[in-house]
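Residue numbers for the sequence shown follow UniProt numbering, beginning at 1 and rising by one.
Just so you know, even glycine gets a beta-carbon here, dropped at the ideal spot from N, CA and C.
Single-structure report; data block below.
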Amino acid sequence: MRIRSAAYTPFMLLAQICALLGFACYAVVLTPLQEEWHLNNLQSGLIASAFFFGYMLAVPLATALTDRIDARKVYFCGGALASCGLLGMAFFANGFFTALFWMAMNGAGLAATYMPGLKILSDRIQSGELTRHIAFYTAFFGIGTGLSYLCSGWIYAAFGWHAVFAWIALAPLAAVVIVFFCIPPLVSAQWHGPINLRMQDIFPIAKWKLVLQDRNAAGFILGYTAHTLELFASRSWLVAFFGFCTAYAGQSFLLAATTLAGVVNFFAVPASILGNEVALRIGRQKWVCIVMLISAVIGISLAASTGQSWWLIVALAVAHAIFIMADSSTLTAGLVISARSDIKGAAMGLHSLMGFGGGLVGPAIFGFVLDMSGSRSSPHAWIWAYTSIVMWGVLFVMYERRRGWAEQAS
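Here it is as structure tokens:
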């Protein structure tokens with residue numbers, strides 16, 4: 001029997017914030033580590049991408065398990081794994097290759113908390129209420145990442161980069177404690193007995209084909225991929241971009257840059273919630289297309305704003321954060337509502353796998369284009385780098401408009 005209890009949502013939102021505090025640790029210390037470890041921009045981007053590589057490795061198993069056992073148990077493992085990855089970065093990472101390993105472990109831990117956390121909610125809330133709870137859950141991603149920038153920046157300024165990872169490692173464990181004490185286990189009979197998990201359950205190709213046969217579901221998944229490529233590339237390099245802007249103006253930048261990045265991310269919270277409400281009125285597909293085109297224009301404008309007034313730079317950064325996230329909950333809720341109940345876990349797994357695949361390549365593409373077009377010291381290089389990540393949303397809109405996805409009813 002499904003439990004109707006919206007009271008669980010606040011606890012899951014708080015747990016998600018704790019689980020996400022490790023998200024921006026590396027982004028905050030990217031520039032100092034680049035200098036200390038003598039990394040080029042591509043290597044720096046690859047370390048950021050390793051986080052999403054670990055996510056991609058773990059998410060098929062994590063989501064497959066949520067179709068067989070209470071997602072609460074998967075969540076516990078994810079929190080512990082994320083904490084281990086952060087501690088590894090604090091005490092054992094000493095260069096490019098070791099950082100790749102520990103960042104991948106951190107990403108795998110997030111994979112076992114983020115989508116399983118959403119499954120915890122969907123297993124306990126009636127479908128009539130579900131879309132708004134999903135909107136809040138995805139919106140709170142912005143609060144978690146915003147606090148991650150702020151906390152990491154403050155810790156770095158006071159104690160150095162090792163302390164950033166060491167102290168933040170406590171946060172995923174706090175998420176586990178919240179879920180353990182505040183979210184009761186499910187009692188339905190479907191959650192008992194042997195797991196009997198097979199390779200085709202971890203990589204359910206047949207189920208994924210069924211998901212992709214639905215044009216609506218396929219559109220939401222492809223859109224989420226373009227969305228996360230732009231989102232995570234931007235967030236991985238945002239502190240470095242603000243640092244370049246302040247250095248370009250001849251100012252000291254690190255703490256101010258991290259604080260700005262954190263504040264900017266908070267604007268994503270109402271954007272995701274309100275974006276879902278707008279999508280419910282004008283249609284999910286139409287809203288996604290509008291948002292992606294506006295986000296692309298603002299992203300390039302932000303990159304071109306170096307040397308201009310700080311009011312303009314911050315305003316463009318806030319606008320970019322708003323429109324990056326304005327379709328996030330719409331894409332996720334659309335997929336969850338579209339998927340059949342018997343393959344919902346597999347659909348969510350593919351959605352997350354493809355989406356964070358975009359997160360995997362986005363930071364690396366950004367760093368590669370920076371290297372190829374003049375490195376971090378060139379204003380024009382930042383324009384090309386931002387163009388390289390916002391163009392995918394434009395291409396997605398062109399493709400989906402051509403095949404008529406945006407004309408269908410949500």
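Among Trp-37, Leu-42, Tyr-386 and Ser-122, whose alpha-carbon lies nearest the alpha-carbon of Ser-341? In the sequence shown, residue 341 corresponds to position 341, counting from 1. If we check each option's Cα against that of Ser-341, Ser-122 comes out closest.
Classify Glu-230 as buried or exposed, calling it buried when 16 or more other Cβ atoms lie within 10 Å of its own Cβ. Your numbering for residue 230 matches position 230 in the sequence shown. Label assigned to Glu-230: buried.
Taking the alpha carbon of Ile-120 as the reference point, which residue from Met-12, Lys-344 and Leu-350 has its own alpha carbon closest? Start at 1 with the first residue of the sequence shown, and residue 120 comes out as number 120. Ranking the options by Cα distance to Ile-120, first place goes to Met-12.
Check whether Ala-346 and Val-211 have beta carbons under 8 Å apart: As a working mapping, residue 346 is identified with position 346 in the sequence shown. As a working mapping, residue 211 is identified with position 211 in the sequence shown. For Ala-346 and Val-211, yes; Cβs fall inside 8 Å.
Would His-38 be called buried (16 or more neighbouring beta carbons within 10 Å of its own) or exposed? Residue numbering aside, residue 38 sits at position 38 when the sequence shown is read from its first letter. Per the 10 Å Cβ criterion, exposed.
Helix, strand or coil, according to DSSP, for Asp-327 in the structure here? Here the question's residue 327 lines up with position 327 in the sequence shown. Three-state result, Asp-327: coil.
For Leu-21, name the three-state secondary structure that DSSP assigns. Numbered from 1 along the sequence shown, position 21 holds the residue referred to as residue 21. Coil, per DSSP.
How would you write the range of the alpha helix (DSSP H) that Gly-117 sits in, first residue to last? Position 117 of the sequence shown holds residue 117. Annotation: the continuous alpha helix (DSSP H) that includes Gly-117 extends over 96 to 122.
Within 7 Å: the Cβ of Val-179 and any heavy atom of the ligand MG? With respect to small molecules bound, the structure shown includes none, and the ligand MG cannot be examined in it.
Pairwise C-alpha distance: Ile-294 and Val-394: The residue given as residue 394 occupies position 394 in the sequence shown. The residue given as residue 294 occupies position 294 in the sequence shown. In this structure, the straight-line span from the alpha carbon of Val-394 to that of Ile-294 is close to 9 Å.
Rounded to the nearest angstrom, what separates Gln-16 and Leu-30 at their Cα positions? For the purposes of this step, residue 16 is taken as residue 16 along the sequence shown, with counting starting at 1. For the purposes of this step, residue 30 is taken as residue 30 along the sequence shown, with counting starting at 1. Rounded to the nearest angstrom, the gap between the Cα atoms of Gln-16 and Leu-30 is 24 Å.
Note the first and the last residue of the continuous alpha helix (DSSP H) segment covering Asn-41. Mapped onto the sequence shown, residue 41 falls at position 41. First-last of the alpha helix (DSSP H) with Asn-41: 41 to 66.
Between the CA atoms of Phe-141 and Arg-72 - distance to the nearest angstrom: Residue numbering aside, residue 72 sits at position 72 when the sequence shown is read from its first letter. Residue numbering aside, residue 141 sits at position 141 when the sequence shown is read from its first letter. The alpha-carbon atoms of Arg-72 and Phe-141 are separated by roughly 19 Å.
Under the three-state DSSP convention, the category Pro-185 falls into: The sequence position of residue 185 within the sequence shown is 185, counting from 1. Here Pro-185 sits in coil by DSSP.
Can you give me the start and stop residues for the alpha helix (DSSP H) that Gly-362 sits inside? Along the sequence shown, read from residue 1 onward, the residue named residue 362 stands at position 362. Annotation for Gly-362: the continuous alpha helix (DSSP H) segment containing it runs 344 to 372.
CB-CB under 7 Å to Asp-214, same chain, minus the five flanking residues each way: which ones, in chain order? For the purposes of this step, residue 214 is taken as the residue at position 214 of the sequence shown. For Asp-214, where only same-chain residues beyond five positions count, the Cβ hits under 7 Å are Ser-338.
Among Pro-60, Val-314 and Gln-34, the one whose alpha carbon lies nearest that of Arg-198: Mapped onto the sequence shown, residue 198 falls at position 198. Of the listed residues, the one whose Cα sits closest to Arg-198 is Pro-60.
On the DSSP letters alone, give me the boundaries of the alpha helix (DSSP H) that Gln-285 sits inside. Mapped onto the sequence shown, residue 285 falls at position 285. For Gln-285, the enclosing alpha helix (DSSP H) stretches over residues 284 to 303.
Please tell me whether Ser-272 and Ala-139 are closer than 8 Å, where the distance is taken between their beta carbons. As a position in the sequence shown, residue 272 is number 272, starting the count at 1. As a position in the sequence shown, residue 139 is number 139, starting the count at 1. The answer is yes: Cβ separation under 8 Å.
Coarse secondary structure for Ser-378, derived from DSSP in three states: As a first step, residue 378 is located in the sequence shown; it is residue number 378 there, counting from the start. Three-state DSSP puts Ser-378 in coil, outside helix and strand.
Between Ile-47 and Phe-96, is the Cβ-Cβ spacing less than 8 Å? Stepping through the sequence shown from its first residue, residue 47 is reached at position 47. Stepping through the sequence shown from its first residue, residue 96 is reached at position 96. Yes, these two residues count as a Cβ contact at 8 Å.
Tell me the residue span of the alpha helix (DSSP H) that contains Trp-208. In the sequence shown, residue 208 corresponds to position 208, counting from 1. Run containing Trp-208: 205 to 213, per the alpha helix (DSSP H) assignment.
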